[in-house]
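Numbering (UniProt numbering), first residue to last: 1 to 457.
Have a look at the structure below before the remarks.
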Amino acid sequence: MAVIDPTAGSEPELTPPRDDGRKTDQQSKRNPVIRFLRVLGPGLVTGAADDDPSGVATYSQAGATFGNGLLWTVPLSLPLMMAVQEICDRMTLATGDSLGRLIRRRFRRSVGIAVGVLIVALIAANCLNLAADLNAIGQGMQLLHAGPAWIWSIVAGLVILVTVMLGSFELIGKIFKWLCLVLLVYIAVLFATHVNWDSVATGLAGFQSQLSPAYLGLAVGVLGTSISPYMFFWQSAQRVEELEEERRGGDDAPALEERPAKEARRRLRNGRVDVFTGMAFSVLIMFAIIASSAATLGAHHKTVSSAAEAAKALEPIAGNFASVLFALGFIGSGMLAVPVLAAAGAAGLSALMNKNWGLDKSPRRAPLFYVLLGIGMIGGTILAVVSTDPIGLLVLSAIVNGIAAGPFLIIIMLISRDRTIMGKYRNGKLAGTLGWLTTAIMCVAGAYGIWYTFAGG
Numbered sequence: 001m002a003v004i005d006p007t008a009g010s011e012p013e014l015t016p017p018r019d020d021g022r023k024t025d026q027q028s029k030r031n032p033v034i035r036f037l038r039v040l041g042p043g044l045v046t047g048a049a050d051d052d053p054s055g056v057a058t059y060s061q062a063g064a065t066f067g068n069g070l071l072w073t074v075p076l077s078l079p080l081m082m083a084v085q086e087i088c089d090r091m092t093l094a095t096g097d098s099l100g101r102l103i104r105r106r107f108r109r110s111v112g113i114a115v116g117v118l119i120v121a122l123i124a125a126n127c128l129n130l131a132a133d134l135n136a137i138g139q140g141m142q143l144l145h146a147g148p149a150w151i152w153s154i155v156a157g158l159v160i161l162v163t164v165m166l167g168s169f170e171l172i173g174k175i176f177k178w179l180c181l182v183l184l185v186y187i188a189v190l191f192a193t194h195v196n197w198d199s200v201a202t203g204l205a206g207f208q209s210q211l212s213p214a215y216l217g218l219a220v221g222v223l224g225t226s227i228s229p230y231m232f233f234w235q236s237a238q239r240v241e242e243l244e245e246e247r248r249g250g251d252d253a254p255a256l257e258e259r260p261a262k263e264a265r266r267r268l269r270n271g272r273v274d275v276f277t278g279m280a281f282s283v284l285i286m287f288a289i290i291a292s293s294a295a296t297l298g299a300h301h302k303t304v305s306s307a308a309e310a311a312k313a314l315e316p317i318a319g320n321f322a323s324v325l326f327a328l329g330f331i332g333s334g335m336l337a338v339p340v341l342a343a344a345g346a347a348g349l350s351a352l353m354n355k356n357w358g359l360d361k362s363p364r365r366a367p368l369f370y371v372l373l374g375i376g377m378i379g380g381t382i383l384a385v386v387s388t389d390p391i392g393l394l395v396l397s398a399i400v401n402g403i404a405a406g407p408f409l410i411i412i413m414l415i416s417r418d419r420t421i422m423g424k425y426r427n428g429k430l431a432g433t434l435g436w437l438t439t440a441i442m443c444v445a446g447a448y449g450i451w452y453t454f455a456g457g
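Right under this line is the structure:
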């Protein structure tokens with residue numbers, strides 16, 4: 001006699017689907033905000049690092065000395081910065097190589113030696129700049145009543161050095177992206193002050209311009225702070241490391257031609273979104289600092305020569321809240337900019353010499369890179385502690401950057417138009433026009449800056 005199974009033919013018992021994170025990941029991909037945030041990377045960090053304490057000091061001085069008279073540099077700088085950094089980013093995406101390696105590929109050995117000398121000068125200038133930034137971090141902590149400035153300069157230098165020596169690139173990249181948020185405090189400072197928006201509008205339009213040597217000299221300083229050679233190398237270097245991360249530790253970054261056409265277009269588009277967002281963020285902070293300084297320090301005829309002086313001078317005018325925000329801003333931006341300054345030149349020279357480099361590699365795998373980075377960090381920390389003239393460090397750094405910006409831009413434009421290297425991703429008409437315009441402006445600005453420093457200032 002057959003035994004009938006009462007459960008035969010019945011519906012199987014339903015079990016809840018396994019939660020393996022795929023549903024959450026799909027939701028994240030559909031969320032436009034999350035997708036946008038994931039796209040941000042080297043472009044955002046480069047733009048934020050551009051607003052380091054030396055930049056804050058320059059922009060504060062512009063607002064304190066000439067009110068809104070130099071605000072026209074904001075709309076001028078934006079398209080120039082976008083063009084140059086997009087070209088640097090596209091060069092890296094198209095080839096999978098950093099700027100240093102591309103220089104090695106494109107030019108003869110004699111040109112490479114000359115470029116190497118320029119990069120060494122850039123490393124020296126960056127060392128001076130990061131010394132001034134570490135000094136500013138210490139002064140900012142002192143303004144917050146946290147202790148002597150020199151102690152915090154040393155602490156900041158050691159913390160940053162240990163982080164970049166031992167931390168993985170993925171961790172460092174996340175730290176950099178979160179540090180960018182601290183610059184938003186300058187927007188809060190802008191709205192904590194009483195801004196004359198009519199005056200801001202005429203300043204943006206250039207109707208408050210002057211032709212005095214001091215005015216033109218400071219205009220050159222603002223442009224030089226906004227478009228600096230270390231930005232070119234860092235944008236390229238961090239993008240290479242990001243691409244290498246896609247291959248989980250591989251030494252070769254995938255070029256666009258190695259990708260399917262649809263993926264290549266998406267990667268190029270995402271790179272532009274990242275760069276344009278970063279540059280827009282950078283000039284927004286630049287605008288906020290100049291406008292708020294004009295409304296406070298400029299209106300009360302207070303001159304400043306450092307970010308710390310600007311924060312201290314704000315207190316009796318805009319209140320303790322504004323001065324604390326200002327100090328927190330340049331402390332955070334300094335912590336972001338110092339490793340960028342140290343790593344940019346080290347990556348450029350190592351790549352030019354065909355040596356391993358990168359924050360994702362151990363010191364054993366990339367000894368030259370870490371030696372150069374360590375020299376910059378340790379030398380900058382010592383200078384920050386012993387120097388009695390941080391403004392002098394920034395002036396000297398600005399001179400070297402002014403000399404180097406023009407030649408580096410010429411090199412970038414020659415590489416980015418090269419059909420053999422870039423293929424179908426070489427410069428179009430718009431990129432070429434804006435790129436060469438930026439090159440011409442920075443060559444003229446650099447020449448005037450040198451003359452003004454030694455003769456007119």
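All C-beta atoms, glycine included, are put in the ideal place defined by N, C-alpha and C.
*Under the rule that 16 or more other beta-carbon atoms within 10 Å means buried, what is glutamate 309, buried or exposed?*
Residue environment analysis places glutamate 309 among the buried positions, since at least 16 neighbouring C-beta atoms fall within 10 angstroms of its C-beta.
*Does the Cβ-Cβ distance between threonine 46 and tryptophan 234 come in under 8 Å?*
Cβ distance < 8 Å, so threonine 46 and tryptophan 234 count as in contact.
*Helix, strand or coil for asparagine 356 per DSSP?*
Asparagine 356: coil per DSSP, three-state reduction.
*Would alanine 149 pass as a contact of glycine 157 if the rule is Cβ separation under 8 Å?*
Taking 8 Å as the Cβ cut-off, alanine 149 and glycine 157 do not qualify as a contacting pair.
*Flag this pair as yes or no: are the beta carbons of serine 282 and aspartate 133 separated by less than 8 Å?*
Not closer than 8 Å, so no.
*Just the Cα atoms here: how many angstroms apart are glycine 34 and leucine 40?*
Note on residue identity: the sequence assigns isoleucine, not glycine, to residue 34. Looking at the two C-alpha atoms, the distance is approximately 10 Å.
_What would DSSP say about alanine 146, mapped onto helix, strand or coil?_
Here alanine 146 carries a coil assignment [DSSP, helix/strand/coil].
*Which of helix, strand or coil does DSSP assign to phenylalanine 176?*
DSSP places phenylalanine 176 within a helical segment (H, G or I) once states are collapsed to three.
_On the DSSP letters alone, give me the boundaries of the alpha helix (DSSP H) that alanine 83 sits inside._
73-95 is the span of the alpha helix (DSSP H), which, as asked, contains alanine 83.
*By Cβ distance, which residues of its chain are closer than 6 Å to serine 397, with the 5 residues on each side in sequence left out?*
Only residues of its own chain outside the window of five on either side were considered, and among them Ala125, Leu128, Asn129 have a CB closer than 6 Å to the CB of serine 397, listed in chain order.
_Rounding to the nearest angstrom, what Cα-Cα distance links leucine 268 and leucine 223 in this structure?_
Approximately 27 Å between the Cα atoms of the pair.
_For the structure I just gave you, are there three or more beta carbon pairs, one from the segment 287-304 and one from the segment 64-77, closer than 8 Å?_
Yes, the segment 287-304 touches the segment 64-77.
*Could you pull out every residue in the same chain whose Cβ sits closer than 7 Å to the Cβ of alanine 344, ignoring the five residues on either side in sequence?*
Same-chain partners within the cutoff: Asn126, Tyr230, Phe233, Trp234, Ala237.
*Just curious, the alpha helix (DSSP H) that glutamine 208 is in, first and last residue?*
Counting along the chain, glutamine 208 falls outside any alpha helix (DSSP H), and DSSP gives it neither H nor E.
*Considering only residues of the same chain and omitting the five flanking positions on each side of lysine 196, which have a CB-CB separation below 7 Å?*
According to the sequence shown, residue 196 is asparagine rather than lysine. Excluding positions up to five away in sequence, the list reads Ala295.
*Going by CA-CA distance only, name the one from Ala322, Arg106, Ala201 that's closest to valine 74.*
Residue Ala201 is the option with its Cα nearest to valine 74.
_Residues near alanine 8 by beta carbon distance below 6 Å, same chain, minus five either side_ = Note that alanine 8 has pLDDT 46, beneath the 50 cutoff, so the model's placement of it is unreliable and no number is given.
_Quick check on this structure: which residue in Glu315, Glu245, Asn354, Arg239 has the alpha carbon closest to the alpha carbon of glutamate 86?_
Comparing Cα-Cα distances from glutamate 86 to each of Glu315, Glu245, Asn354, Arg239, the minimum goes to Arg239.
*Could you give the residue range of the alpha helix (DSSP H) that holds aspartate 274?*
If you look at aspartate 274, you'll find it in the alpha helix (DSSP H) that goes 261-293.
*Please list, in chain order, all residues of the same chain as alanine 455 whose beta carbon is under 7 Å from its beta carbon, the five residues on each side excluded.*
If you ignore the 5 residues before and after alanine 455, its C-beta comes within less than 7 Å of no other C-beta in its own chain.
_Nearest-angstrom Cβ-Cβ length linking valine 56 and isoleucine 289, presumed shorter than 8 Å_ = About 6 Å separates the two Cβ atoms, so the contact holds.
*Look at the Cβ atom of leucine 171, then the Cβ atom of methionine 377, and state whether they are nearer than 8 Å.*
Not a contact, by the Cβ cut-off of 8 Å.
_DSSP-derived helix/strand/coil call for asparagine 31_ = In the structure shown, asparagine 31 falls within a coil segment according to DSSP collapsed to helix, strand and coil.
*Smallest Cα separation from glycine 140: which of Tyr215, Lys312, Tyr59?*
Residue Lys312 is the option with its Cα nearest to glycine 140.
*Return the first residue and the last residue of the alpha helix (DSSP H) that glycine 449 is part of.*
Counted as a single uninterrupted DSSP element, the alpha helix (DSSP H) harbouring glycine 449 occupies residues 429-451.
*Starting from the C-beta of cysteine 443, find all residues in its chain whose C-beta is less than 7 Å away, skip the five residues before and the five after it, and write them out in chain order.*
Around cysteine 443: Gly406.
*With DSSP as the reference, label threonine 163 as helix, strand or coil.*
Secondary structure at threonine 163: helix, using DSSP grouped into helix, strand and coil.
_For phenylalanine 326, the three-state DSSP class (helix, strand or coil)_ = Under the three-state reduction of DSSP output, phenylalanine 326 falls in the helix class.
*Are there three or more Cβ pairs, one per stretch, closer than 8 Å when the segment 93-102 is compared with the segment 351-358?*
Yes, the segment 93-102 touches the segment 351-358.
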